[in-house]
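Heads up, the thing below is written out as structure tokens.
Numbering (my numbering), first residue to last: 100 to 286.
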């Protein structure tokens, strides 16, 4: 299967070429593109709200233990987290919604203040594609089992802002619980 990054790049390239041919100076066309962008964001919000209702309906109280890596540049030890699948899913969904709202805010500034119109087309498609590819949506909306890549805690790709990986193996969790704030440290 083709990776999401490759398809995102292909969509961006195609949409940039398409945006060059769209007459944004025509008020009717501009209104249509704005409507497409708003409709896309309403669909995304609907997907997230429906996913939230499914999470609340399932009430999966299975205990989930994992180790969250220390923030980049800090001397803190990795932090052990004990939660439930339901709370973990709610936190992940909150993160998705915040990310979408940040994107809408940035697009609002770019379009309304700086008068950029071309990104409206790209931002009508990519966030919708990303929402449909989100792990929570795959589990709760499409009914895929939470195994493999969809097993909680979700694996985040390494990046500049997120250098560490979440660990959920028993040894890592026990070590983090022992060494984190107030735990007994062996000298």
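All C-beta atoms, glycine included, are put in the ideal place defined by N, C-alpha and C.
**Request:** Report back the beta-carbon spacing between residue 240 and residue 153 to the nearest angstrom; my notes put them in contact at under 8 Å.
**Result:** Sure, about 7 Å apart at Cβ, within 8 Å.
**Prompt:** Relative to the C-alpha of residue 149, which residue among 127, 231, 167, 180 is closest?
**Reply:** 231
**Request:** Just confirm the distance between the C-beta atoms of residue 109 and residue 220, as a whole number of angstroms; I'd bet it's less than 8 Å.
**Result:** Not confirmed; about 14 Å, so no contact.
**Message:** Among the candidates 253, 177, 216, whose CA atom is the shortest distance from the CA of residue 120?
**Reply:** 216
**Message:** Excluding the 5 residues flanking residue 196 on each side, which residues of the same chain have their C-beta closer than 7 Å to its C-beta?
**Reply:** 147
**Message:** Quick check: what's the CA-CA separation for residue 144 versus residue 227?
**Reply:** 10 Å
**Message:** Buried or exposed for residue 139, going by 16 or more other Cβ atoms inside 10 Å?
**Reply:** buried
**Request:** Work out the CA separation of residue 238 and residue 112 for me, nearest whole Å.
**Result:** 30 Å
**Item:** Member of 177, 181, 162 whose CA lies at the smallest distance from the CA of residue 169
**Value:** When only C-alpha atoms are compared, the closest one is 177.
**Message:** Please list the terminal residues of the continuous beta strand (DSSP E) segment that includes residue 166.
**Reply:** Residues 162 to 167.
**Request:** Can you check DSSP and say which residues form a bridge with residue 179?
**Result:** 166
**Asked** Under a three-way DSSP split, which group does residue 197 fall into?
**Response** helix
**Message:** At the level of alpha carbons, what is the spacing between residue 210 and residue 142?
**Reply:** 20 Å
**Asked** Can you tell me where the alpha helix (DSSP H) with residue 133 in it begins and where it stops?
**Response** 126 to 157
**Rounded distance between the beta-carbons of residue 222 and residue 204, thought under 8 Å** = Between residue 222 and residue 204 the Cβ distance is about 12 Å, and since that is not below 8 Å, they are no contact.
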